[in-house]
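From first to last, the protein sequence lines are chains A and B.
Sequential numbering of the first sequence, starting at 1, is according to the numbering used here.
Sequential numbering of the second sequence, starting at 1001, is according to the numbering used here.
Built from N, CA and C at the ideal position, the CB exists for glycine as well.
Given the structure is predicted, the values throughout are model-derived calculations rather than measurements.
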Amino acid sequence: GAVVSQHPSRVICKSGTSVKIECRSLDFQATTMFWYRQFPKQSLMLMATSNEGSKATYEQGVEKDKFLINHASLTLSTLTVTSAHPEDSSFYICSALDRALAKNIQYFGAGTRLSVL
Amino acid sequence: RKEVEQDPGPFNVPEGATVAFNCTYSNSASQSFFWYRQDCRKEPKLLMSVYSSGNEDGRFTAQLNRASQYISLLIRDSKLSDSATYLCVAASGAGSYQLTFGKGTKLSVIP
Chain A
1 GAVVSQHPSR VICKSGTSVK IECRSLDFQA TTMFWYRQFP KQSLMLMATS
51 NEGSKATYEQ GVEKDKFLIN HASLTLSTLT VTSAHPEDSS FYICSALDRA
101 LAKNIQYFGA GTRLSVL
Chain B
1001 RKEVEQDPGP FNVPEGATVA FNCTYSNSAS QSFFWYRQDC RKEPKLLMSV
1051 YSSGNEDGRF TAQLNRASQY ISLLIRDSKL SDSATYLCVA ASGAGSYQLT
1101 FGKGTKLSVI P
C-alpha cells in the first residue's frame, strides 16, 4: 500500500509557540491531503482538506488563521498550529489520496501527538 | 449533522470466539463505507471496504444495508492480535473523499 510519512511524531511545547507538522506521500503523488484531529476517546474529526497549489478548505469551526495549511508540492502538506494553547493538545493525523489508483482510499500518516504546556 | 454511531464496547472475548460489531450512519448520501482498525495511540489502518453484496476477507466479513443505514463487521476465530479499536467510516461528497468516522468499538481478545 501507499506510504505516508508524518513528522514529528511527538511535540511538547510551551503555550504561545507555533508548531509545524509535515505530511509526505513517499511513493505516490497526493494532489489531495486531509488533516484530522482526535481528542481522547473521541472520533477522528476532519479539520481541513488540502489541495496542491490551492487554498485549503476548512471544516466548520476550524480557524484557518490558527491552523495554517500549505500544500506546495504533490508530495508535501504542512499544518502549522500558530500560538498553540493547552486546548490544542491533541492527536493530529494527516492522510493522502492517491487519485492515480482511481479509488477513494485514504492512506494515513502515523500521527503527531501535540502537548501544549 | 453527519454522524456514524457505534457501540463503544469494550468487547472482551476469548481467543477463538466470533464477535460482531454494528454501526449506523445518519447521512443517507453516504456512498462508500469502510472498517478501519486503530491500535492504541496509532493511526487508523484500513481493514476493508464494505459493499452492499457483503464481502469477506479471511476471518472478517462486512455487510452493508443501505435501506437501514446499517453496517456490520464479523470477526471469526478471534486472535490476540485482533485486539484494537474498530472504526466504522462513511464516505460522502464529490469523489467520496469526505470521511466521517465513528468513535470506534474497542475489542480485547483474551487468552
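Check, Outcome
"Own chain residues within Cβ distance below 6 Å of T969(B), not counting five before or after", "Lying before the first or after the last residue shown, residue 969(B) is absent from chain B, which here runs from 1001 to 1111."
"Distance between beta carbons of Q1069(B) and Y1025(B), contact taken as under 8 Å", "5 Å"
"Beta strand (DSSP E) segment containing A1084(B), residue limits", "1084-1092"
"Local conformation of D98(A) per DSSP, three classes", "coil"
"Counted within 10 angstroms of its Cβ, other Cβ atoms place T17(A) as buried (16 or more) or exposed", "exposed"
"Opposing strand residues paired with Q1006(B) [DSSP bridges]", "C1023(B)"
"Per-residue burial, H85(A) [other beta carbons within 10 Å of its own, 16 or more giving buried]", "exposed"
"C-beta contact flag for D98(A) and A48(A) at 9 Å", "no"
"Residue closest to G53(A), alpha-carbon to alpha-carbon, out of A2(A), L76(A), I21(A), E59(A)", "L76(A)"
"Min CB distance G1058(B) to chain A below 9 Å", "no"
"Contact set for E1015(B): own chain, Cβ-Cβ below 8 Å, skip 5 residues either direction", "S1078, K1079, L1080, V1109, I1110, P1111"
"Own chain partners of N1022(B) with C-beta closer than 6 Å, once the 5 adjacent residues on each side are dropped", "S1072"
"Closer than 8 Å at the beta carbon, the chain B residues around F108(A)", "E1043, P1044, K1045"
"Of the listed residues L1087(B), V1013(B), S1030(B), D1007(B), nearest to S1096(B) (C-alpha basis)", "S1030(B)"
"The stretch 1004-1014 of chain B / the stretch 63-71 of chain A touching (three or more Cβ pairs under 8 Å)", "no"
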